[in-house]
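Start counting the sequence shown at -13; every next residue gets the next number (the numbering used here).
A virtual CB, placed ideally from N, CA and C, is assigned to each residue, including glycine.
Quick caveat: nothing in here was measured; it's all calculated off a predicted structure.
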Amino acid sequence: AADVFVLPSRGEGWGRPLVEAMSMGLPVIATNWSGPTEYLTEENGYPLLVGRMSEVTEGPFKGHFWAEPSVDKLRALMRLVVSNVDEAKAKGKQAREDMIQRFSPETVAGIVTDHIKDILSSKI
């Protein structure tokens, strides 16, 4: 068991481990960059500030940018969670509610169905 899920990554396409933790009602601390900015908020988690950005200069991700999460902010957020357990639990509960409301299979199926209907009804 864990009290908080911490993911200070340099970049996430979507951040599935983060979404899974939030879906289970676990408080999360994660880098406020790339995929997680679509669902991680101050209300449902602890977005970790980016200290700076670094450009990737070689390899398959050349030209992309990686976040450099602030170690000082990470330390502060981890201490905040430890000293404010009730707040962290409330954020975890809100995270679960947000994940269910926005990303449950039923919700996503409805969105996809609506898009398919729009495509089929358009005159191409």
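Backbone CA spacing between residue 7 and residue 61 [nearest angstrom]: Walking along the sequence shown from the start, residue 7 turns up at place 21. Walking along the sequence shown from the start, residue 61 turns up at place 75. Rounded to whole angstroms, the gap between the alpha carbons of residue 7 and residue 61 is 20 Å.
From residue -3 to residue 43, what does the alpha carbon distance come to, in whole angstroms? The residue labelled residue -3 in the question sits at position 11 within the sequence shown. The residue labelled residue 43 in the question sits at position 57 within the sequence shown. Whole-angstrom Cα-Cα distance: 15 Å.
Looking only at C-alpha atoms, which of 29, 36, 10 and 9 sits nearest to residue -5? As a position in the sequence shown, residue -5 is number 9, starting the count at 1. Closest in C-alpha terms to residue -5, from the list 29, 36, 10 and 9, comes 36.
For residue 34, the nearest candidate out of 40, 15, 49 and 52 (CA to CA): By 1-based counting over the sequence shown, the position of residue 34 is 48. Closest option to residue 34, Cα to Cα, is 15.
Give me the Cα-Cα distance between residue 84 and residue 30, rounded to the nearest whole angstrom. Position 98 of the sequence shown, counted from the start, is the residue given in the question as residue 84. Position 44 of the sequence shown, counted from the start, is the residue given in the question as residue 30. So the alpha carbons of these two residues sit roughly 8 Å apart.
Starting from residue 93, trace the alpha helix (DSSP H) in both directions and tell me its first and last residue. Your numbering for residue 93 matches position 107 in the sequence shown. From DSSP, the alpha helix (DSSP H) with residue 93 extends over 91 to 107.
Check whether the region 100 to 109 and the region 51 to 70 touch, using three or more Cβ-Cβ pairs below 8 Å as the test. Counting Cβ pairs under 8 Å, fewer than three are found: no touch.
Helix, strand or coil for residue 10, going by three-state DSSP, please let me know. Counting from 1 along the sequence shown, the entry for residue 10 is found at position 24. It is coil, neither helix nor strand.
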